[in-house]
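Read left to right, the sequence shown gives residues 401 to 1114 (the working numbering). Let me begin by presenting the structure, written as structure tokens, before commenting on it.
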Amino acid sequence: MENNQKHSERSSSSSGRKSLKRKLVEDLIDDVDRNNVLESSEDAQQDLAREVRTQVEILESSFSSSESDRASSKRAIHVLSELAKNEEIVNVIVDCGAVPALVKHLQPPPHGGEGEGEGSYMPYEHEVEKGSAFTLGLLAIKPEHQQLIVDAGALPHLVNLLKRHRDAQNSRAVNGVIRRAADAVTNLAHENSSIKTRVRFEGGIPPLVELLEFVDSKVQRAAAGSLRTLAFKNDENKNQIVDCNALPTLILMLRSEDTAIHYEAVGVIGNLVHSSPNIKKEVLLAGALQPVIGLLSSSCSESQREAALLLGQFAATDSDCKIHIVQRGAVPPLIEMLQSPDAQLREMSAFALGRLAQVDTHNQAGIAHCGGIIPLLKLLDSKNGSLQHNAAFALYGLADNEDNVADLIKVGGVQKLQDGEFIVQPTRDCVAKTLKRLEEKIHGRILGHLLYLMRIGEKVIQRRVALALAHLCSPDDQKTIFIDNNGLELLLELLESTNLKHQRDGSVALCKLANKASSLSQVDAAPPSPVPQVYLGEQYVNNSTLSDVTFLVEGKRFYAHRICLLASSDAFRAMFDGGYRERDAKDIEIPNIRWDVFELMMRYIYTGSVDVNLDVAQDLLRAADQYLLEGLKRLCEYAIAQDISVESVSLMFELSEAFNALTLRNACILFILEKFDQLSVMPWYSHLIQRVLPETRSYFVRALTRANQADMRV
401 MENNQKHSER
411 SSSSSGRKSL
421 KRKLVEDLID
431 DVDRNNVLES
441 SEDAQQDLAR
451 EVRTQVEILE
461 SSFSSSESDR
471 ASSKRAIHVL
481 SELAKNEEIV
491 NVIVDCGAVP
501 ALVKHLQPPP
511 HGGEGEGEGS
521 YMPYEHEVEK
531 GSAFTLGLLA
541 IKPEHQQLIV
551 DAGALPHLVN
561 LLKRHRDAQN
571 SRAVNGVIRR
581 AADAVTNLAH
591 ENSSIKTRVR
601 FEGGIPPLVE
611 LLEFVDSKVQ
621 RAAAGSLRTL
631 AFKNDENKNQ
641 IVDCNALPTL
651 ILMLRSEDTA
661 IHYEAVGVIG
671 NLVHSSPNIK
681 KEVLLAGALQ
691 PVIGLLSSSC
701 SESQREAALL
711 LGQFAATDSD
721 CKIHIVQRGA
731 VPPLIEMLQS
741 PDAQLREMSA
751 FALGRLAQVD
761 THNQAGIAHC
771 GGIIPLLKLL
781 DSKNGSLQHN
791 AAFALYGLAD
801 NEDNVADLIK
811 VGGVQKLQDG
821 EFIVQPTRDC
831 VAKTLKRLEE
841 KIHGRILGHL
851 LYLMRIGEKV
861 IQRRVALALA
871 HLCSPDDQKT
881 IFIDNNGLEL
891 LLELLESTNL
901 KHQRDGSVAL
911 CKLANKASSL
921 SQVDAAPPSP
931 VPQVYLGEQY
941 VNNSTLSDVT
951 FLVEGKRFYA
961 HRICLLASSD
971 AFRAMFDGGY
981 RERDAKDIEI
991 PNIRWDVFEL
1001 MMRYIYTGSV
1011 DVNLDVAQDL
1021 LRAADQYLLE
1031 GLKRLCEYAI
1041 AQDISVESVS
1051 LMFELSEAFN
1061 ALTLRNACIL
1071 FILEKFDQLS
1081 VMPWYSHLIQ
1091 RVLPETRSYF
1101 VRALTRANQA
1111 DMRV
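Structure follows, in structure tokens:
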């Protein structure tokens, strides 16, 4: 979960940077025809470079307090700022040496001339410095220029500009220069750890904190935006911001009706508390919780997102804080945000709810009661990995509360968790833990509640409960659920549905049920041990020694021994002890069995075992059924079952019915359930299901009853 949090903060930082760039561009009037500087020809590039160098030369030669020089500087800076609004031109401006000239004009020139003292009026006071700060801010939008501007000495001058309100009366000019200086600091420090630290060393943080209380709202926003950037992933900066007593003002700003102000304020607080438990506690003690919760209902989606992220961070502090967040009304707006068209809002609200849902049972019940389960389940369909994971994490928390188990199952939550296509492995792991957590709770009063729903609920709920229980119930409870309370019939009804999803769900659930009942399958089943008896042995197979009966098979004699045949099956006992003509016959003709098949059958009778080749398995099964050799039948069924395929399963099932081959029939049933995806596209699938349905019902009744009886014996 921590990784998702960091990702969200980086995204919001980048979003803020883009917003700042738009603000910088939109705040000046576009006086220059940009079409003249956007041409891509080589001549245009040369003209552009000459124009930039001309303006740089003006700046270098006009650093004085005379009105004409100040006017020239203002015009030159304005031209450069207009050019710098186009990112494709920024490199040209930097390459032509504009940075040192602009940095020089961040400070007022020395007063000179007769009658001009230290405190006298400066022409275009604050405006030249404002234009320089604005232009440098535009150049700093490209990361490769940030260090160049700082190395040219911009930071001390920018910090001095931040302090101009201390010595000057409030005016648009003063406000403008302060705001542009704060914006330039923001762009210089963006994602640049060393420059963030340099700003602190240059004393930039205290004046920025002071400016949070400035009268002009644009200055407040600019100062907060700069502090937000400086606080991100810089612990020393965070501590100094807090030490400068910024928290009380930031918390007041959270309550501002100006969306831009509370957006920046909540962003600063979010970056202050990230990975800083001590600051997080100070923020809470300063009274941030309620105004942050209030921002969940803001008309500004960015503020909502930041507030949700911040509440998720608060929720990790301690259990009391989680309770307070819920008690103060955070859950309903967070759940509403889960259904927002804004993916980032959905992600952050799921993140906050996930944190609130961990460990605390009252919060878990409250989130479910307020309708959080269904929108969280819907988010599992998202193609956004972070959003999907946050939703899964929240559902994992909700599944910890016994009172939520039935609600999750009623709305199809188990099927949603099982069928989801999860993008990253941590999400798949989280979902698996959620299903395991639900499985551990299916007993006692929860099972009783689910059985009640399966009896009296709407059909769709009955089916969801039956499907969930097939996957989650204990083997000890299978007979109670599926035989005594009609769960088996609900699953079989799904097989007959015309809805492909229903058919698949029913097939998968019945497979799970069969596996839990430890039923034999065509893959891992082994034939039973033969019934204990005395065998004559391999050496007497078709041996005339002591032979007292001869069979004629395909015109050839096969020597046998009555005593061995009598012990092998009821069919031979009836043949030799009953009123059949074979009783006293010396030679008995076998008209309907091939020699190789008959030999294998006799070898089994004499030894108790035989290797069954698929080439003769079906003929040998027919012979074993005719002579009531159950052990041999099972060997044949097992061999045939290994060869079941999508194309042959229908014929195999017919074969099992023709010779009452129960093991083969069970294997066919399990194969049909397991291979639903391959079989369901066959045109004869629906007919096959109708044929096997009665036997499927009988199979599960036997399997579940037998499993229950075995458990009782244990």
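Don't be surprised by glycine CBs; every beta carbon is placed ideally from N, CA and C.
Counting the other CB atoms within 10 Å of its CB gives Q939 a total below 16, which places it among the exposed residues. Here T1105 carries a helix assignment [DSSP, helix/strand/coil].
Between the stretch 617-625 and the stretch 577-593 there are three or more C-beta pairs closer than 8 Å, enough to call the two in contact.
The residue among D616, L1073, P543 with its C-alpha nearest the C-alpha of L1088 is L1073. As for any alpha helix (DSSP H) of minimum length 4 sitting wholly inside the stretch 552-599, the runs are 554-562, 572-589, ordered along the chain. Between V731 and I767, the CB-CB gap stays under 9 Å. Comparing alpha carbon positions, the residue from W1084, Q640, S969 closest to L608 is Q640.
Judged by beta-carbon spacing, L506 lies within the 9 Å limit of A533, meaning their Cβ atoms are closer than that value.
Rounded to the nearest whole angstrom, the CA to CA distance from K680 to L711 is 11 Å. Shortest Cα-Cα distance from L1093 to any of Y1027, M1082, G1008, Q903 involves Q903.
As the crow flies, the alpha-carbon of H769 is around 50 Å from that of N575. In this structure L1104 is in contact with I883, their Cβ atoms being roughly 6 Å apart against a cut-off of 8 Å. In the DSSP assignment, K956 is bridged to V953. Bridge pairing for D987: T950 [DSSP]. Leaving aside the five residues that flank P500 on each side, the residues in its chain whose CB is nearer than 6 Å to its CB run, in chain order, A552. If you look at C496, you'll find it isn't in any alpha helix (DSSP H); DSSP assigns it neither H nor E. Classified as buried, S907 has 16 or more neighbouring CB atoms from the shown chains inside 10 Å of its CB.
The alpha-carbon separation between L480 and R600 amounts to approximately 29 Å.
R746 is the residue among L647, V997, R746 whose C-alpha sits nearest the C-alpha of L787. With a cutoff of 9 Å on beta-carbon distance, T659 and S719 are scored as not near each other. Judged by DSSP in its simplified three-state form, I767 adopts helix.
By the Cβ test, the stretch 829-841 is not in contact with the stretch 892-899, since fewer than three Cβ pairs between them sit closer than 8 Å. Taken in chain order, the unbroken stretches of alpha helix (DSSP H) that lie wholly in the stretch 704-754 and span 4 residues or more are 719-727, 731-737. DSSP, reduced to helix, strand and coil, places M1082 outside both helices and strands of the structure shown, so it counts as coil. From the listed residues D877, G1031, L1000, N587, the smallest Cα separation to L1014 is found for L1000. Taking C-alpha positions only, L536 is separated from L562 by approximately 15 Å. Within the same chain, S969, A971 come within 6 Å of Y1027 by CB-CB distance, once the 5 residues on both sides are set aside. D469 and L612 have their C-alpha atoms spaced approximately 34 Å apart. Residue environment for K530: buried (at least 16 other C-beta atoms within 10 angstroms of its C-beta). As summarised for the stretch 845-929, the continuous alpha helix (DSSP H) elements at least 4 residues long and confined to that stretch are 859-872, 887-896, 900-916, given in chain order.
Boundaries of the alpha helix (DSSP H) harbouring C964: 962-968, taken from the DSSP string. By the criterion of at least three beta-carbon pairs nearer than 8 Å, the stretch 847-866 is not in contact with the stretch 816-835. Under the three-state reduction of DSSP, A501 is assigned to helix.
Bounds of the alpha helix (DSSP H) holding L776 are 773-779. Under the three-state reduction of DSSP, H511 is assigned to coil, being neither helix nor strand. In the structure shown, the three-state DSSP call for D658 is coil.
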